[in-house]
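Please read the structure below before turning to the comments.
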Amino acid sequence: MTKPAADASAVLIAEDTLVLASMGTPVESELIREWLGEQRSRHPEIQFDLLELPARDAPSAALTELVEQLEIGSDAAEDRSVVPVQVFWLPSADRGKVAKVTALLPGRDPYHPNHRQQQRILRTEPWRARVLAGESAKVSELRKQWRDTTVGDEQVDFAQFVIRRAVLALARSEYRILGPQYKSPRLVKPEIMASARFRAGLKKIPGATVEEAGKMLDELATGWSQASVDVISVLGKLVSRGFDPQIDYDEYQIAAMRTALEAHPAVLLFSHRSYIDGAVVPVAMQENRLPPVHMFGGINLSFGVMGPLLRRSGMIFIRRNIGDDPVYKYVLKEYVGYVVEKRFNLSWSIEGTRSRTGKMLPPKLGLMSYVADAYLDGRSDDILLQGVAICFDQLHEIAEYAAYARGAEKTPEGFGWLYNFIKAQGERNYGKIYVRFPEAVSMRQYLGPPQGPLAQDQDAKRLALQKMSFEVAWRILQATPITATGLVSALLLTTRGLALTLDQLHHTLQDSLDYLDRKQTPMSTSALRLRSRDGVRAAVDALSNGHPVTCVDSGREPVWYIAPEHEHAAAFYRNSVIHAFLETSIVELALAHARHSEGDRVAAFWDQAMRLRDLLKFDFYFADSAAFRAHIAEEMEWQHDWESHVAAGGEEIDALLYAKRPLMSDAMLRVFFEAYEIVADVLRDAPADVDQKELTNSALGVGRQYVAQGRVRSSESVSTLLFATARQVVADQDLIAPAADLVERRIAFRRELRSILRDCTYVEQIARNQFFARESQARHARQAAAR
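The numbering of the sequence shown is the UniProt record's numbering, which starts it at 1 and goes up by one.
And the structure:
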């Protein structure tokens, strides 16, 4: 038989060593016996005893010999080292995508070849067979761990504990060979079920049983294998077909994250605009040789064969409603704590669900609180919250989101839905996928040391969690690249259906690009190309290869516009870039407000800036009040001594606005205030405590009327998605609960919103004047060149 490679990590330190060997076939048995013969020759002073490693679910009767080898009361037995050994089969280096997928079929796993395949491998590729030894441990050390952490008190229980330790030691040796992307937990359910900690907590829940908890762990636990890790990238590329196969990364960020993950476990919290996000994160980790993640997903995605397949790829399916099930909540909390304690990584959407508007939603704290509990319980000295910014040049799902905005219901998941989703992905070129990893947030920094004061103060803990989660989301936004589709859609939505030429698009976009450069805002490849006419042409051609942009190219030159029926779809792209222009847009509206104010106009400017921040807080992320004021002051630095100009009012404020490039408030914020104003209008004659559904249905009807009458600028303001946030705004303004002056305050609020919309119109007119002035200059330049 061909001699296999030996594992250099095998360290046999005791004079008496028990080798627990996993020998599933005669080939593996012979290889291990040959290896053991070599060890005996090299270390004649050491006594080696060989015992086949029992299966972890072996009956008690099958553990008799192992129990005897671990016999208590014998000093020799207590000093004995236990070394787990197995034959590890490396996969062939030239496997393709088909081979990786078929490896999931019975008998095709290259990491666990059958007897006949093993014989062939030794004849043709002997380098693929390695005798692998896990880290050794003394019996006395193992026995102490067993007594400290588990509930068993029989020698059979100790033998089962030793088997689990051996399996885990061998798993660690495997991923040291394969790379950190193969690092995954094993024996999760047996380890948790045997834990003294877990059993003690379970006893405190009235009516809870070990059997019930075990079934819940079966529902939660994943079934990682090397073969399933290999297929992640294949499945990820299938789901994301239609995009450039090369995901765009920032290599510096990846290097920094790799270093951080070597020191602490992490929770990867990703922005969520597409179902593709759930496939992108595991692919990104594998492509960059980073440890894999346990991805949380709704139980609604566990349908058919997809459930088992996703489980084997690290997906943890959780129930949607768990508030009234204390046993399930406890089991989920302990599961999260176990994963963190063993230094594995978790991942889920920080928003909890897909954003159907294109902008980030507020963070959800449910799962985060379980991770915080694990940290505060001392199960890790720190946990990193690693934001993941994912954005796309285009998405086919925007048609679905536009339907939701008009009141359509969500399509239930299933095979038909999955087939149609993947089919739609291949119908056109959607550009690139961009993945960014901003600097991680330390849980220790926000929650203090483990087992500190926050462990007992739930209110303080929740406040700290909110601040911590908002910081992660803020960093995600700051790292998200601005795309060409967002900038082009924002521009064309301001024209109210009028078409622009390529030259008009090109020169108008330059102001936005200049602003983004000044602010050092990350931009995608497609956005950077907007500096050239060819780059602009590529962007509008991509957007008009379907929707939402329409191209008219039958005249003297092509022109592009957004038709009314496609405004909701275009708004998704526009909303994905608003964060980069949010503060500068607020500056414009605050200046317009001060322009029409009496008295202290500087104070009016600041008061209005803070008021707009308060009104928009349910739609957008903002820095804290002090930082926000600093950002606004920084935005005003384009004009020397700006406060004196604002104080002067009138034409001097007009001069400030005319000098400002770009003017973005109408393009970015009008639709949100229009949606708020529609809801405020409906509230005039709505009863107190009007519910969400009734308010939304009424707002849809009134909004459609106002679109038909031209009382709102576009149909995108009439959106169930925007009305949902508007409902939060009016509730925050105390306009829902019964009160004696409710009608008067509702009318006053609508009046305030209409005043803000007049400010939008004022700024819009100045922006149009800027546009026409530039058009005139360009026309004169062309005429001069022609002469």
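From the three backbone atoms N, C-alpha and C, an ideal C-beta is built for every residue, glycine too.
- GLN226 counts as buried, since at least 16 other C-beta atoms from the protein chains shown sit within 10 angstroms of its C-beta.
- In the three-state scheme derived from DSSP, where H, G and I count as helix and E and B as strand, MET216 is classed as helix.
- A Cβ-Cβ distance of about 22 angstroms is found for the pair LEU493 and GLU557, leaving them out of contact under the 8 angstroms criterion.
- DSSP lists LEU20 as the beta-bridge partner residues of PRO84.
- Apart from the 5 residues on each side of it in sequence, HIS631 sits with its Cβ closer than 7 angstroms to the Cβ of GLU583, ALA623 in its chain, given in chain order.
- When secondary structure is reduced to three states using DSSP, GLU52 falls in the strand class.
- By the criterion of at least three beta-carbon pairs nearer than 8 angstroms, the region 477-497 is not in contact with the region 362-374.
- For PHE392, the enclosing beta strand (DSSP E) starts and ends at 384-392.
- In the DSSP assignment, TYR419 falls within the unbroken alpha helix (DSSP H) covering 415-425.
- Between PRO326 and ILE192, the C-beta gap is not smaller than 8 angstroms, which leaves the two residues out of contact.
- A check of alpha carbon separations from GLY297 across ALA279, LEU290, ALA284 identifies ALA279 as the nearest.
- Taken through DSSP and simplified to helix, strand or coil, ARG130 comes out as strand.
- Distance from the CA of HIS640 to the CA of GLU634, rounded to the nearest whole angstrom, comes to 11 angstroms.
- Counting along the chain, ARG436 sits inside the beta strand (DSSP E) bounded by residues 433-436.
- Judged by their CB atoms, LEU310 and LEU376 are not nearer to each other than the 8 angstroms cut-off.
- Separation of the CB atoms of TYR182 and VAL229 is rounded to 5 angstroms, and the pair is thereby assigned contact status at 8 angstroms.
- Of the other Cβ atoms in all chains shown, 16 or more fall within 10 Å of the Cβ of LYS461; this residue is therefore buried.
- In the DSSP annotation of this structure, the continuous segment of the alpha helix (DSSP H) that includes VAL540 starts and ends at 533-544.
- Residue environment for TRP642: buried (at least 16 other C-beta atoms within 10 angstroms of its C-beta).
- Annotation: ALA648 to ALA590 spans about 15 angstroms, alpha carbon to alpha carbon.
- Counting other Cβ atoms within 10 Å of its Cβ, HIS43 stays below 16 and is therefore classed as exposed.
- Residue environment for GLU744: exposed (fewer than 16 other C-beta atoms within 10 angstroms of its C-beta).
- The continuous stretches of alpha helix (DSSP H) do not include SER184, and DSSP gives it neither H nor E.
- In this structure the region 696-711 does not lie against the region 752-759, because fewer than three pairs of beta carbons, one per stretch, are closer than 8 angstroms.
- Rounded to the nearest whole angstrom, the CA to CA distance from PRO308 to LYS189 is 16 angstroms.
- According to the DSSP secondary-structure assignment, LYS138 is paired through a beta bridge with SER81.
- Judged by DSSP secondary structure, ALA266 falls within the beta strand (DSSP E) whose first and last residues are 266-270.
- Taking C-beta atoms under 8 angstroms as the contact rule, ALA129 and VAL87 qualify, at a distance of about 6 angstroms.
- In the three-state reduction of the DSSP assignment, THR124 falls in the helix class.
- Under DSSP, the beta-bridge partners assigned to ILE318 are GLY298.
- Bounds of any alpha helix (DSSP H) do not take in THR550; it lies within the beta strand (DSSP E) bounded by 549-552.
- Leaving aside the five residues that flank ARG529 on each side, the residues in its chain whose CB is nearer than 6 angstroms to its CB run, in chain order, GLY535.
- For VAL559, the enclosing beta strand (DSSP E) starts and ends at 559-562.
- The alpha helix (DSSP H) runs lying completely inside the region 228-280 and spanning 4 residues or more are 251-263, given in chain order.
- Counting of Cβ neighbours within 10 angstroms places PHE415 among the exposed residues, the total staying below 16.
- Non-local C-beta neighbours of ALA484 in its own chain, meaning closer than 6 angstroms and more than five positions away in sequence, comprise SER526, ALA527, LEU530, ALA539, ordered along the chain.
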